[in-house]
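From first to last, the protein sequence lines stand for chains A and B.
The opening residue of the first sequence carries number 10 in the numbering used here; numbering runs sequentially from there.
The opening residue of the second sequence carries number 7 in the numbering used here; numbering runs sequentially from there.
Here a beta-carbon is modelled for each residue, glycine too, at the ideal position from N, C-alpha and C.
Here is the structure we will look at.
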Amino acid sequence: MDNRQKEINNLKDYKYGFSTDIENIQAPKGLNEDVIKFISNIKKEPAWMLEFRLKAFERFKVLKEPDWQKPKFPKIDYQDLYYYSAPKSMKDKPKSLDELDPKLLETYKKLGIPLQEQARLNGIAVDAVFDSVSVATTFKDELTKQGIIFCPISEAIQNHPELVKKYLGSVIPTSDHFFATLNSAVFTDGSFVYIPEGVRCPMELSTYFRINASNTGQFERTLIIADKGSYVSYLEGCTAPMRDENQLHAANVELVALDDAEIKYSTVQNWYPGDQDGKGGIYNFVTKRGLCKGKNSKISWTQVETGSAITWKYPSCILKGDNSVGEFYSIAITNNHQKADTGTKMIHLGKNTKSKIISKGISAGSSDMTYRGLVDISSKAKNSTNYTQCDSLLMGNKCGAHTVPYIKNKNSESNIAHEATTSKISEEQLHYCQQRGLNPEEAVGLIVNGFCKEVLQQLPMEFAVEAQKLVGISLEGSVG
Amino acid sequence: MKEQLQKDFYNSIKNLSLSQKDIEIKKFCLDNFIDKGFPNKKEEDWKFTDLNQIIKNNIGELSFYNDQASTNKVDTSVFVDGLEHNKIVFINGRIEKIDFEYEKKDQIEIIDQSETINEFENSNSLSDLNNAFTNKCFKILVKKGYQLAKPLIIYHTTNSKIWSKNINLRLNFQLDKDSSLRLIDLFNDTSEKNFLNIFYNFELKENAVLKNYKVDKFENKNIKYSFNNIDQDKNSISETFILSSGSNFSKNEINCNLNGVYASAFVNGVFSLNKDKHHEIRSIINHLTENTKSYQLIKSVLEQSSKAVYQGKIFVNSDAQKTDGYQLSKAILLNKESEFNAKPELEIYADDVKCSHGSASGSLNEDSIFYLMSRGLSYQQSRELLINGFLLDVVEKITDSEIKNLIKNMLGIKE
Chain A
10 MDNRQKEINN
20 LKDYKYGFST
30 DIENIQAPKG
40 LNEDVIKFIS
50 NIKKEPAWML
60 EFRLKAFERF
70 KVLKEPDWQK
80 PKFPKIDYQD
90 LYYYSAPKSM
100 KDKPKSLDEL
110 DPKLLETYKK
120 LGIPLQEQAR
130 LNGIAVDAVF
140 DSVSVATTFK
150 DELTKQGIIF
160 CPISEAIQNH
170 PELVKKYLGS
180 VIPTSDHFFA
190 TLNSAVFTDG
200 SFVYIPEGVR
210 CPMELSTYFR
220 INASNTGQFE
230 RTLIIADKGS
240 YVSYLEGCTA
250 PMRDENQLHA
260 ANVELVALDD
270 AEIKYSTVQN
280 WYPGDQDGKG
290 GIYNFVTKRG
300 LCKGKNSKIS
310 WTQVETGSAI
320 TWKYPSCILK
330 GDNSVGEFYS
340 IAITNNHQKA
350 DTGTKMIHLG
360 KNTKSKIISK
370 GISAGSSDMT
380 YRGLVDISSK
390 AKNSTNYTQC
400 DSLLMGNKCG
410 AHTVPYIKNK
420 NSESNIAHEA
430 TTSKISEEQL
440 HYCQQRGLNP
450 EEAVGLIVNG
460 FCKEVLQQLP
470 MEFAVEAQKL
480 VGISLEGSVG
Chain B
7 MKEQLQKDFY
17 NSIKNLSLSQ
27 KDIEIKKFCL
37 DNFIDKGFPN
47 KKEEDWKFTD
57 LNQIIKNNIG
67 ELSFYNDQAS
77 TNKVDTSVFV
87 DGLEHNKIVF
97 INGRIEKIDF
107 EYEKKDQIEI
117 IDQSETINEF
127 ENSNSLSDLN
137 NAFTNKCFKI
147 LVKKGYQLAK
157 PLIIYHTTNS
167 KIWSKNINLR
177 LNFQLDKDSS
187 LRLIDLFNDT
197 SEKNFLNIFY
207 NFELKENAVL
217 KNYKVDKFEN
227 KNIKYSFNNI
237 DQDKNSISET
247 FILSSGSNFS
257 KNEINCNLNG
267 VYASAFVNGV
277 FSLNKDKHHE
287 IRSIINHLTE
297 NTKSYQLIKS
307 VLEQSSKAVY
317 QGKIFVNSDA
327 QKTDGYQLSK
337 AILLNKESEF
347 NAKPELEIYA
357 DDVKCSHGSA
367 SGSLNEDSIF
377 YLMSRGLSYQ
387 QSRELLINGF
397 LLDVVEKITD
407 SEIKNLIKNM
417 LGIKE
């Protein structure tokens with residue numbers, strides 16, 4: 010058996026499907042003001058934070074669950090969820106990795122993120138989020154030297170209230186849509202990044218999200234601020250144990266780029282997608298939005314979406330500053346009964362703004378995938394350009410691939426170009442590869458990787474390798 | 007509006023000899039419309055075009071009753087010169103004349119179908135309005151193997167006798183096996199501020215060919231909505247061309263169902279807009295069986311504060327393997343105030359297909375203008391040349407040379 014075959018056999022089943030038996034502290038089941046107060050209290054939050062949450066909750070009460078999206082799902086009972094779950098050993102925060110519960114370290118080791126070794130070897134600073142709390146952040150000292158703040162958001166609320174107060178909710182206000190507002194009310198933890206003026210972050214920053222407890226929703230909140238002239242590259246990875254019931258993940262991510270700053274945000278999303286019959290899996294309803302606030306700023310989203318039963322997210326850029334740039338690179342792969350409705354919004358407000366969208370969708374099995382995007386050039390956004398390309402690949406005749414772009418041009422000096430294609434892997438290409446000794450699965454893997462290359466190239470090196478493997482694995486069993 | 011609708015409805019049906027059952031059905035449609043009202047931007051299909059607001063702002067209160075007892079004089083000066091053709095003449099929504107003088111009488115049948123109700127998939131409250139208020143509806147049947155010698159021109163004329171009125175028209179066409187029809191819808195309005203609501207239904211049997219041209223060129227202040235449903239059998243071809251220019255507001259919807267193998271549909275359109283006109287084309291091509299083909303090309307030239315919208319959808323059923331679907335929309339915005347919105351959509355459930363769409367919008371290419379000016383043309387001439395060339399691309403897609411020339415003349419495009 011060759012190596013690849015072995016790898017496939019190892020990975021055929023969702024390899025992150027184990028759960029960790031660890032003692033938890035949970036908030037009472039259900040969603041009400043008391044639960045929000047409980048979360049705020051356990052995190053020892055200042056009064057303004059509680060106020061922020063309660064305001065969002067007031068708004069949430071009047072909002073209705075949206076129903077315009079393509080993937081339909083059974084009604085979620087928001088009262089039947091736990092909104093806070095934390096490993097007991099985290100009650101009094103450990104000061105360093107050495108104090109961390111060995112069981113937690115073991116979990117992350119299994120996930121391929123050995124926190125201790127990573128701290129020494131890889132040169133990537135990791136913030137690990139386990140259910141509702143951040144358990145460990147590595148490389149803190151080195152970053153602090155440069156003035157970079159990289160810590161769990163709950164810590165930032167304590168230690169840097171002026172920054173959090175200023176920017177939290179500035180891109181995704183508490184009055185936003187249903188799931189974003191829910192997040193604002195009950196978010197538990199997440200990462201906070203601040204890059205000071207003129208600093209180029211010397212390493213990749215990374216957060217690893219893990220849902221462990223059952224019946225828990227994970228509501229993390231990430232806030233990244235790149236001050237004038239700074240640069241940061243941020244990675245995000247996610248997994249969850251295999252469970253029969255569906256679990257909700259509704260995160261908010263806010264990015265703010267000031268003058269001349271650049272933020273690069275990469276995601277490899279591999280939440281548990283459910284079994285072959287579509288049972289279980291994560292509902293991934295995420296709001297990600299970046300604001301290019303200053304001149305010449307740049308925000309770039311890269312995502313590889315392979316997991317989740319239902320993915321529903323549109324990482325967006327608001328190009329407010331003149332000459333700002335927004336980019337969106339995406340690979341979305343659905344197999345079995347997965348459903349994905351994903352895309353981006355590029356809102357051009359400033360002059361000379363540019364945006365680029367490259368989206369590659371692959372659907373196999375009985376899955377369904379939609380690219381949904383908006384390009385809106387306002388009348389003031391003189392001399393702006395957008396280029397959009399979305400390609401879909403279909404494998405089998407039980408799956409669907411859809412493209413729903415909205416294109417609005419209100420400025421005669423701006424240009425928009427949009428292209429989309431849908432096709433299957435051509436027989437000629439397959440034949441060519443097979444002739445040269447590849448088996449059909451390898452051939453498909455090769456062709457798919459070529460199809461996705463434009464996006465994979467955008468990922469930081471360590472991630473690109475992992476993502477490339479993931480692409481092959483996600484499509485296992487779809488050929489033939 | 008509710009009382010007005012009910013009052014006008016009873017006035018309308020009073021003059022008709024309808025059975026109790028027909029009245030019930032019409033009443034049901036009226037109630038549906040009263041319930042839903044004019045489409046507004048909360049509905050996805052009307053996202054870019056809020057008809058409810060447009061009617062409110064441009065017309066205000068509409069009345070729905072049309073006195074159709076007296077005949078109108080047919081003004082022959084509006085007829086197209088230099089092209090022999092059959093005629094159907096509508097004046098203020100009343101059908102005045104059906105004349106197939108160039109055709110064999112036994113090959114075309116005209117059937118009164120006033121009591122039937124059209125029900126379309128994908129339709130909206132306007133089809134209810136149409137069903138409730140149309141009082142005359144004919145079906146034109148082209149018999150097996152017959153190909154019309156001359157094109158049929160349908161004149162839609164309105165004059166100043168009507169004001170703030172809603173006019174509802176309906177026509178059904180059936181093209182039997184191996185038959186063909188060329189059709190031009192020609193709008194000629196001297197009225198203002200009326201709302202025309204037009205429904206056509208086409209049924210194309212095996213090998214039938216329909217060439218369907220819609221020409222709205224003459225300046226007027228009316229609001230138009232036209233819905234064409236085309237059902238296509240094996241090997242049939244439909245070609246639709248839309249020239250969208252004259253009215254203040256217009257929305258053309260083409261819903262094409264490719265039911266038979268090797269059926270193909272072509273939808274081409276030109277928006278040539280100025281002032282504060284607001285036009286939309288929405289096309290839905292349903293590929294329902296294998297080996298079907300569709301092609302769409304829409305081009306817009308937008309001046310002043312005009313606004314064009316194109317919503318095109320290609321739907322491919324899971325049975326429709328080997329589908330070939332193509333769609334392209336391009337727009338030139340000539341003014342700061344002009345606006346182009348597009349929603350080109352693909353919904354695909356079969357894997358062995360070739361579907362693509364493209365959309366581009368932007369300003370006139372300054373480099374091209376410079377090139378032409380450096381060869382001695384004035385700025386104005388260069389601009390016109392480029393715009394003509396841009397639009398000619400679509401007009402050239404018209405497969406009937408007589409009609410192509412007619413439309414070129416109307417657009418003022420010279421080669």
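Are the CB atoms of residue 364(B) and residue 339(B) nearer to each other than 8 Å?
-> In this structure, residue 339(B) does not lie closer than 8 Å to residue 364(B) by Cβ.
Taking the alpha helix (DSSP H) that residue 301(B) falls in, what are its first and last residues?
-> Unbroken run through residue 301(B) is the beta strand (DSSP E), 299–308; no alpha helix (DSSP H).
Euclidean distance between Cα positions of residue 151(B) and residue 117(B) | Rounded to the nearest angstrom, the two C-alpha atoms are 19 Å apart.
State yes or no: is the C-beta of residue 419(A) within less than 8 Å of the C-beta of residue 388(A)?
-> Yes, they are a contact pair.
Identify which residue in 163(B), 180(B), 162(B) has its Cα closest to the Cα of residue 147(B).
-> The shortest C-alpha to C-alpha distance from residue 147(B) to any of 163(B), 180(B), 162(B) is the one to 180(B).
Any C-beta of chain B sitting closer than 8 Å to the C-beta of residue 366(A)?
-> Cβ-Cβ to chain B under 8 Å: no for residue 366(A).
Using three-state DSSP, classify residue 210(B) as helix, strand or coil.
-> Three-state result, residue 210(B): strand.
Extent of the continuous alpha helix (DSSP H) to which residue 70(A) belongs | 56–71 is the span of the alpha helix (DSSP H), which, as asked, contains residue 70(A).
Is DSSP giving residue 437(A) helix, strand or coil here?
-> Reduced to three states, the DSSP call for residue 437(A) is helix.
Output the distance between the C-alpha atoms of residue 40(B) and residue 12(B), rounded to the nearest integer angstrom.
-> Straight-line spacing of the CA atoms in residue 40(B) and residue 12(B) works out to 9 Å.
Taking all protein chains shown into account, decide if residue 377(B) is buried (16 or more other Cβ within 10 angstroms of its Cβ) or exposed.
-> Answer is exposed; the Cβ neighbour count stays below 16.
Is there a Cβ from chain A that is less than 8 Å from the Cβ of residue 352(B)?
-> At a cut-off of 8 Å between beta-carbon atoms, residue 352(B) makes contact with chain A.
Chain A within 8 Å of residue 278(B), Cβ atoms only = By the rule that beta-carbons nearer than 8 Å mark a contact, residue 278(B) does not touch chain A.
Within chain A, the residues that residue 340(B) reaches when beta carbons sit closer than 9 Å = Within 9 Å Cβ-Cβ: 421.
Contact with chain A by residue 386(B), beta-carbon distance below 8 Å = With respect to chain A, the C-beta atom of residue 386(B) has no partner C-beta closer than 8 Å.
Chain B residues whose Cβ lies nearer than 9 Å to that of residue 432(A) | Neighbours of residue 432(A) across chain B, judged by C-beta separation under 9 Å: 357, 358, 359, 360, 361, 362.
So which of 333(A), 315(A), 457(A) has the shortest CA-CA distance to residue 291(A)?
-> Among 333(A), 315(A), 457(A), the Cα nearest to that of residue 291(A) is on 315(A).
Could you tell me whether the Cβ of residue 324(B) comes closer than 8 Å to any Cβ of chain A?
-> So, interface residue.
Kindly indicate which residue of 23(B), 186(B), 276(B), 189(B) has the alpha-carbon position closest to the one of residue 287(B).
-> Selected option, being the one with the closest Cα: 276(B).
CA-CA distance, residue 335(A) and residue 154(B)?
-> Their backbone Cα atoms lie some 56 Å apart in a straight line.
Residue-level contact to chain A via CB, residue 368(B), 8 Å cutoff = By this cut-off, residue 368(B) is an interface position.
What's the gap between the Cα of residue 353(B) and the Cα of residue 358(A)?
-> Whole-angstrom Cα-Cα distance: 31 Å.
Determine the DSSP secondary structure at residue 477(A), reduced to helix, strand or coil.
-> Helix.
From residue 327(A) to residue 233(A), what does the alpha carbon distance come to, in whole angstroms?
-> In this structure, the straight-line span from the alpha carbon of residue 327(A) to that of residue 233(A) is close to 15 Å.
State buried or exposed for residue 19(A), treating a residue as buried only when at least 16 other CB atoms are found within 10 Å of its CB.
-> Unreliable placement is indicated for residue 19(A), whose pLDDT of 47 sits below 50; the coordinate value is still reported in the next sentence. With fewer than 16 Cβ atoms within 10 Å of its Cβ, residue 19(A) is classed as exposed.
Answer with yes or no whether the minimum CB distance from residue 346(B) to chain A is below 8 Å.
-> Yes, its Cβ sits closer than 8 Å to a Cβ of chain A.
Just checking my contact of residue 275(A) with residue 229(A) at CB under 8 Å: how many whole Å lie between their CB atoms?
-> Wrong, their Cβ atoms sit about 16 Å apart, outside the cutoff.
Please report the Cβ distance between residue 103(B) and residue 93(B), rounded to the nearest whole angstrom; I am assuming they are in contact, meaning their Cβ atoms lie under 8 Å.
-> Contact between residue 103(B) and residue 93(B) is confirmed by a C-beta separation of about 6 Å, below the 8 Å threshold.
Compare the C-alpha of residue 18(B) against each of 395(B), 72(B), 51(B) and name the closest.
-> Nearest of 395(B), 72(B), 51(B) to residue 18(B), Cα basis: 72(B).
Identity of the residue in 365(A), 376(A), 425(A) nearest residue 325(A) by Cα | When each option's Cα is compared against that of residue 325(A), the closest is 365(A).
Integer Cβ distance of residue 159(B) from residue 91(B), believed to fall under 8 Å | Contact flag correct, Cβ pair sits at about 5 Å.
What is the DSSP secondary structure of residue 395(B), reduced to helix, strand or coil?
-> If DSSP states are grouped into helix, strand and coil, residue 395(B) belongs with the helices.
Whole-angstrom C-beta distance between residue 207(B) and residue 174(B), which should lie under 8 Å = About 14 Å separates the two Cβ atoms, so there is no contact after all.
Given a threshold of 16 other Cβ atoms within 10 Å of its Cβ, counted over all protein chains shown, does residue 335(B) qualify as buried or as exposed?
-> Label assigned to residue 335(B): buried.
Using a Cβ-Cβ cut-off of 8 Å, state whether residue 349(B) counts as contacting chain A.
-> At least one chain A Cβ lies under 8 Å of residue 349(B).
Please say whether residue 69(A) and residue 45(A) have beta carbons closer to each other than 8 Å?
-> Inclusion of residue 45(A) and residue 69(A) in the CB contact set at 8 Å is not warranted, their separation being larger than that value.
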